[in-house]
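Numbered according to our numbering, the sequence shown spans residues 217 to 334.
Each residue gets a CB set at the ideal place from its N, CA and C atoms; glycine is no exception.
Take a look at the structure below.
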Amino acid sequence: MTDWIRAHVRWIAGIKLDQPVRQIVFQEYVDAVTAASERLERVEGNLRDAVLEWRLKPVAEALQTLRGVQLVVGTTLAAEIGQIDRFDNPRQLMAYLGLIPSEYSSGPSTRRGSITKR
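Here it is as structure tokens:
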């Protein structure tokens, strides 16, 4: 958790509402977020430990060098892809992952769109 998030959580925890019932409900929400954050940190720690002995650790680490890819996404992608060398080219890998760009063609005009959801 970053320093900014910690400061924000402290600020939220200090909010006092005028009606006791609202304060109770608000505190329940704060407690739920805190519990979920702690659970997430625990699971990520367990995942970090498990990856140390994993045969696909180098793949997961390489994926984490991409912008926006950290531990959970990197290990999930490595687990889903498996042995990446089974794909002959990037197009096969992208098709396997369902990352196919859309294309709209009519006559001489071709327009490429966003990634499809296959």
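Inset, instruction - Give the DSSP-derived three-state secondary structure of I316 in the structure shown. - result: Here residue 316 refers to the residue found at position 100 when the sequence shown is read from its first residue. I316: coil per DSSP, three-state reduction.
Inset, instruction - With a threshold of 16 other CB atoms inside 10 Å of the CB of L268, please say whether the residue is buried or exposed. - result: Translated into positions along the sequence shown, residue 268 becomes position 52. If you draw a 10 Å sphere on the C-beta of L268, you find fewer than 16 other C-beta atoms in it, and that means exposed.
Inset, instruction - Compare the beta carbon distance of Y320 and G329 with 9 Å and say whether it is the shorter of the two. - result: Position 104 of the sequence shown holds residue 320. Position 113 of the sequence shown holds residue 329. Yes, the Cβ-Cβ distance between Y320 and G329 is below 9 Å.
Inset, instruction - Give me whichever residues DSSP pairs with M330 in a beta bridge. - result: Here residue 330 corresponds to residue number 114 of the sequence shown, with the count starting at 1. According to the sequence provided, residue 330 is Ser. The question's Met does not apply to it. DSSP output for S330 lists no bridge partner at all.
Legend entry - Burial state of G290, where buried means 16 or more other Cβ atoms lie within 10 Å: Counting from 1 along the sequence shown, the entry for residue 290 is found at position 74. That one is buried.
Legend entry - Distance, L282 Cα to A295 Cα: What you label residue 295 is simply residue 79 of the sequence shown in a count that begins at 1. What you label residue 282 is simply residue 66 of the sequence shown in a count that begins at 1. Between A295 and L282, the alpha-carbon positions lie close to 17 Å from each other.
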